Amino acid sequence: GAVVSQHPSWVICKSGTSVKIECRSLDFQATTMFWYRQFPKQSLMLMATSNEGSKATYEQGVEKDKFLINHASLTLSTLTVTSAHPEDSSFYICSAPAGGTKETQYFGPGTRLLVL
Amino acid sequence: AQSVSQHNHHVILSEAASLELGCNYSYGGTVNLFWYVQYPGQHLQLLLKYFSGDPLVKGIKGFEAEFIKSKFSFNLRKPSVQWSDTAEYFCAVLRGNNDMRFGAGTRLTVKP
Numbered sequence: 059g060a061v062v063s064q065h066p067s068w069v070i071c072k073s074g075t076s077v078k079i080e081c082r083s084l085d086f087q088a089t090t091m092f093w094y095r096q097f098p099k100q101s102l103m104l105m106a107t108s109n110e111g112s113k114a115t116y117e118q119g120v121e122k123d124k125f126l127i128n129h130a131s132l133t134l135s136t137l138t139v140t141s142a143h144p145e146d147s148s149f150y151i152c153s154a155p156a157g158g159t160k161e162t163q164y165f166g167p168g169t170r171l172l173v174l
Numbered sequence: 004a005q006s007v008s009q010h011n012h013h014v015i016l017s018e019a020a021s022l023e024l025g026c027n028y029s030y031g032g033t034v035n036l037f038w039y040v041q042y043p044g045q046h047l048q049l050l051l052k053y054f055s056g057d058p059l060v061k062g063i064k065g066f067e068a069e070f071i072k073s074k075f076s077f078n079l080r081k082p083s084v085q086w087s088d089t090a091e092y093f094c095a096v097l098r099g100n101n102d103m104r105f106g107a108g109t110r111l112t113v114k115p
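So the sequences go chain by chain: P and E.
Per the working numbering, the very first residue in the first sequence carries number 59; after that it's consecutive.
Per the working numbering, the very first residue in the second sequence carries number 4; after that it's consecutive.
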């Protein structure tokens with residue numbers, strides 16, 4: 059099946075720094091990718107839809123300036139957590155639909171962020 | 004608020020026991036329904052999905068789910084679980100083009 063990778067798999071940073079997370083579709087092209095956030099023992103919450111060549115679409119309550127998304131190519135989307143604070147510590151997961159069907163999502167392995 | 008509800012947070016079963024995980028959603032209109040599984044240390048994988056047609060859907064690894072429209076439910080079942088089924092299970096609802104919402108997940112522990 060299709061593969062989506064994320065890098066890094068985990069990151070620890072100091073409060074106030076920015077962290078970039080990459081999401082790549084390894085064997086298919088994705089004009090759209092999705093970024094989710096998962097708190098412990100909670101559901102995946104959709105943060106934003108990343109669109110190749112255009113602005114991302116953010117869900118209500120997600121700060122655009124806080125979570126910068128760039129979809130520079132058909133295989134890469136990046137999420138940058140700017141001026142990270144401890145409350146941003148979470149598990150961030152990306153997904154991409156493969157085969158042109160929105161219903162078939164392939165998920166990355168996730169990136170665990172810990173902000174000290 | 005509209006949501007996807009998974010009733011059980013943690014289910015513990017012995018091998019060979021039957022499994023049923025509940026999932027209810029509160030969205031109206033046409034929806035597509037999914038069950039995903041996340042094995043320890045791995046990414047989410049699709050177990051099965053329902054778009055239309057037969058409301059009883061067969062998935063991988065012996066799992067099945069039944070869509071009951073009148074109950075807004077899409078429960079996951081397996082007649083006989085194995086130790087290797089230990090994982091986190093997520094129900095998800097897709098509305099429209101890209102609006103996918105997940106339940107909180109149910110952790111299944113199967114004792115050998």
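Quick reminder that beta carbons are idealized off the backbone N, C-alpha and C, glycines included.
Small disclaimer: the values here were computed from a predicted structure and weren't measured.
Inter-residue Cα distance where the pair is residue i and residue j
| i | j | result |
| --- | --- | --- |
| V89(P) | E18(E) | Correcting the residue type first, residue 89(P) is Thr in the shown sequence and not Val. Rounded to the nearest angstrom, the two C-alpha atoms are 43 Å apart. |
| T140(P) | L126(P) | 7 Å |
| A107(E) | A142(P) | 25 Å |
| K72(E) | M103(E) | 18 Å |
| C94(E) | A156(P) | 20 Å |
| N35(E) | F54(E) | 5 Å |
| P167(P) | W93(P) | 12 Å |
| H65(P) | V60(E) | 34 Å |
| E110(P) | K99(P) | 32 Å |
| L174(P) | Q118(P) | 27 Å |
| R80(E) | V40(E) | 13 Å |
| A20(E) | S131(P) | 47 Å |
Top-ranked residue by Cα proximity to residue i, from the options
| i | options | result |
| --- | --- | --- |
| N27(E) | A20(E), W38(E), P115(E) | W38(E) |
| T136(P) | P98(P), S83(P), G74(P) | S83(P) |
| T133(P) | A114(P), C71(P), P66(P), D85(P) | D85(P) |
| Q163(P) | K72(P), V77(P), T107(P) | T107(P) |
| W86(E) | H10(E), Q9(E), S8(E), V14(E) | V14(E) |
| C152(P) | G119(P), L104(P), L174(P), E121(P) | L104(P) |
| N128(P) | V77(P), K113(P), V120(P), H65(P) | K113(P) |
| I63(E) | L49(E), S55(E), G108(E) | L49(E) |
| Y30(E) | V7(E), F70(E), H12(E), G44(E) | V7(E) |
| D123(P) | S76(P), Q64(P), V61(P), I70(P) | S76(P) |
| G65(E) | L22(E), F105(E), E91(E), H46(E) | L22(E) |
| S101(P) | Y150(P), L172(P), W68(P), L174(P) | Y150(P) |
| G25(E) | L51(E), E69(E), Y42(E), Q45(E) | E69(E) |
| L111(E) | R98(E), D88(E), G32(E) | D88(E) |
| E121(P) | L174(P), S63(P), T138(P) | T138(P) |
| L16(E) | L51(E), F105(E), V40(E), P82(E) | P82(E) |
| V96(E) | E67(E), K52(E), Q45(E) | K52(E) |
Segment limits, beta strand (DSSP E) that includes residue i
| i | result |
| --- | --- |
| Q96(P) | 90–96 |
| A90(E) | 90–98 |
| S17(E) | 13–17 |
| C71(P) | 68–71 |
| C81(P) | 77–83 |
| Y39(E) | 35–41 |
| T169(P) | 169–173 |
Burial state of residue i (16 or more Cβ within 10 Å)
| i | result |
| --- | --- |
| K74(E) | exposed |
| Q87(P) | exposed |
| H10(E) | exposed |
| T169(P) | buried |
| A154(P) | buried |
| Y92(E) | buried |
| Y42(E) | exposed |
Three-way DSSP call (helix, strand, coil) for residue i in this model
| i | result |
| --- | --- |
| K52(E) | strand |
| S148(P) | strand |
| K61(E) | strand |
| K81(E) | strand |
| K114(E) | strand |
| S87(E) | helix |
| S76(E) | strand |
| T115(P) | strand |
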